[in-house]
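K.L.:
To convert, note that position 35 of the sequence shown is 92 in my numbering; the numbers rise steadily by one, no gaps.
Have a look at the structure that comes next, please.
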Amino acid sequence: MTVNLKAINFHNFFKIPVYVLVLMFIVLVSAIIIRFVNYDKAGFETSNPNPESIIPPVETKGKENSDDPIKNISINNAIYVEDMVYNWQNILDVFAYNFTDSALTIKDSTSTNQIISKILKNPNRKFSKGPSDEVLAQYGDVLLEECAYYKLDWRLILAMMKQESAFVSDAVSHAGAYGFMQIMPRTGSMLEQQLKIEEHRSPKNNLIAGIYYYATLVGRYHEAGDTNKYKFALAAYNA
């Protein structure tokens with residue numbers, strides 16, 4: 058049997074792969090469209106079952122167990138930070154607590170916050186006012202005058218002095234913060250220019266500069282409310 062090669066239309070024969078490729082492309086595009094339309098519809102859900110609640114930036118429901126330890130750590134840290142932001146009073150407790158008051162080993166941030174909150178809320182906790190009477194006798198006029206000018210409670214500033222420096226006028230921190238109000242060198246230089254004072258290291262000027270700086274922070278957080286602006290300013294001053 059002889060094959061007549063001339064009878065075969067090679068032009069039509071080579072069109073077959075082209076048709077197959079076109080068909081495969083159409084199937085691929087259709088699969089992609091179907092995939093995106095049905096892709097985890099819950100992920101594209103825009104309605105909130107509890108519209109009055111704050112929508113967290115990290116989904117905390119139905120956390121999946123993963124064999125990737127780095128992924129687990131990242132998710133846990135994100136959830137912890139989210140919880141701290143939405144419960145910012147805990148952050149203020151941390152700032153307000155003086156770790157030199159007791160030997161506390163920090164191993165678990167969550168348990169540490171619980172310990173700190175328990176200590177702060179303990180009605181029987183001992184409080185030492187230190188040499189506050191001597192400080193008031195010597196610098197009380199400056200304290201009252203500056204606080205009256207900025208409409209601050211002088212007792213709050215007195216508490217800051219105790220917390221920052223324990224009323225030591227020439228106290229120096231490991232980071233270089235100085236004086237009653239523990240002013241950092243760069244911040245001190247800025248305050249000298251703004252207040253037009255020659256230095257900020259003398260007890261009087263340190264107190265004047267520190268009160269002014271705290272007052273500016275209170276103004277910065279005025280939108281937080283009449284009470285919260287002072288709390289946020291305390292956290293910002295400490296941080």
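Each residue gets a CB set at the ideal place from its N, CA and C atoms; glycine is no exception.
All figures in this text were calculated on a predicted structure; none of them were measured in a lab.
Just to confirm my understanding: we take A281, look at its own chain, exclude 5 residues before and 5 after, and list those with CB closer than 7 Å. What are they?
P.N.:
Taking the sequence shown and counting its residues from 1, one reaches residue 281 at position 224. Within the same chain, F289 come within 7 Å of A281 by CB-CB distance, once the 5 residues on both sides are set aside.
K.L.:
In its own chain, which residues sit with a C-beta less than 7 Å from the C-beta of P242, not counting the 5 before and 5 after it?
P.N.:
The residue given as residue 242 occupies position 185 in the sequence shown. G233.
K.L.:
Cβ of P74 versus every heavy atom of the ligand NAP: is any distance shorter than 7 Å?
P.N.:
Questions concerning the ligand NAP fall outside what the structure shown contains, since it holds no ligand whatsoever.
K.L.:
How close, in whole Å, do the beta carbons of F224 and V192 come, if the pair is a contact with beta carbons under 8 Å?
P.N.:
Numbered from its first residue, the sequence shown carries residue 224 at position 167. Numbered from its first residue, the sequence shown carries residue 192 at position 135. So it is a contact: roughly 5 Å between Cβ atoms.
K.L.:
Within this structure, are the beta carbons of I240 and L252 separated by less than 8 Å?
P.N.:
Translated into the one-based positions of the sequence shown, residue 240 becomes position 183. Translated into the one-based positions of the sequence shown, residue 252 becomes position 195. It is not a contact, given that the beta carbons lie outside the stated cut-off.
K.L.:
On the premise that A272 lies in contact with Y196, defined as a C-beta separation below 8 Å, what is that separation, rounded to the nearest angstrom?
P.N.:
By 1-based counting over the sequence shown, the position of residue 196 is 139. By 1-based counting over the sequence shown, the position of residue 272 is 215. In fact, because the Cβ distance is near 17 Å, the residues do not count as touching under 8 Å.
K.L.:
Out of A266, R212 and N170, point me to the one whose CA is closest to G236's CA.
P.N.:
Within the sequence shown, the letter at position 179 stands for residue 236. Among A266, R212 and N170, the Cα nearest to that of G236 belongs to A266.
K.L.:
Kindly give me the distance between the Cβ atoms of N262 and I254, rounded to whole angstroms, as I take these residues to be in contact under 8 Å.
P.N.:
Within the sequence shown, numbered from 1, the residue matching residue 262 stands at position 205. Within the sequence shown, numbered from 1, the residue matching residue 254 stands at position 197. Right, the Cβ-Cβ distance comes to about 5 Å (below 8 Å), so this counts as a contact.
K.L.:
Which partner residues of V192 appear in the DSSP bridge assignment?
P.N.:
Here residue 192 refers to the residue found at position 135 of the sequence shown. DSSP, once it has assigned bridges, lists no residue as partnering V192.
K.L.:
Find the nearest neighbour of A228 within the set H279, Y287, I83 and R258, judged by alpha-carbon distance.
P.N.:
Within the sequence shown, residue 228 is the residue found at index 171, counting from 1. For the residues H279, Y287, I83 and R258, the minimum Cα distance to A228 belongs to R258.
K.L.:
Excluding five sequence neighbours on each side, which residues of the same chain lie with their C-beta closer than 7 Å to the C-beta of I89?
P.N.:
Mapped onto the sequence shown, residue 89 falls at position 32. There are no such residues.
K.L.:
Would you kindly work out how many angstroms separate the C-alpha atoms of P260 and S189, rounded to a whole number?
P.N.:
Here the question's residue 260 lines up with position 203 in the sequence shown. Here the question's residue 189 lines up with position 132 in the sequence shown. Distance between P260 and S189, taken at the CA atoms: about 14 Å.
K.L.:
Measure the alpha-carbon distance for R212 versus Y287 and round it to whole angstroms.
P.N.:
As a working note, residue 212 is residue 155 in the sequence shown. As a working note, residue 287 is residue 230 in the sequence shown. Taking the straight line from one Cα to the other gives about 13 Å.
K.L.:
In the DSSP assignment, what are the bridge partners of I240?
P.N.:
As a first step, residue 240 is located in the sequence shown; it is residue number 183 there, counting from the start. In DSSP, I240 forms a bridge with Y235.
K.L.:
Beta-carbon separation of K219 and G187 under 8 Å?
P.N.:
Stepping through the sequence shown from its first residue, residue 219 is reached at position 162. Stepping through the sequence shown from its first residue, residue 187 is reached at position 130. Yes, the pair counts as a contact, with Cβ atoms nearer than the cut-off.
K.L.:
Taking only three categories from DSSP, how would you classify V225?
P.N.:
One-based indexing of the sequence shown puts residue 225 at position 168. The answer is coil: DSSP assigns V225 none of H, G, I, E or B.
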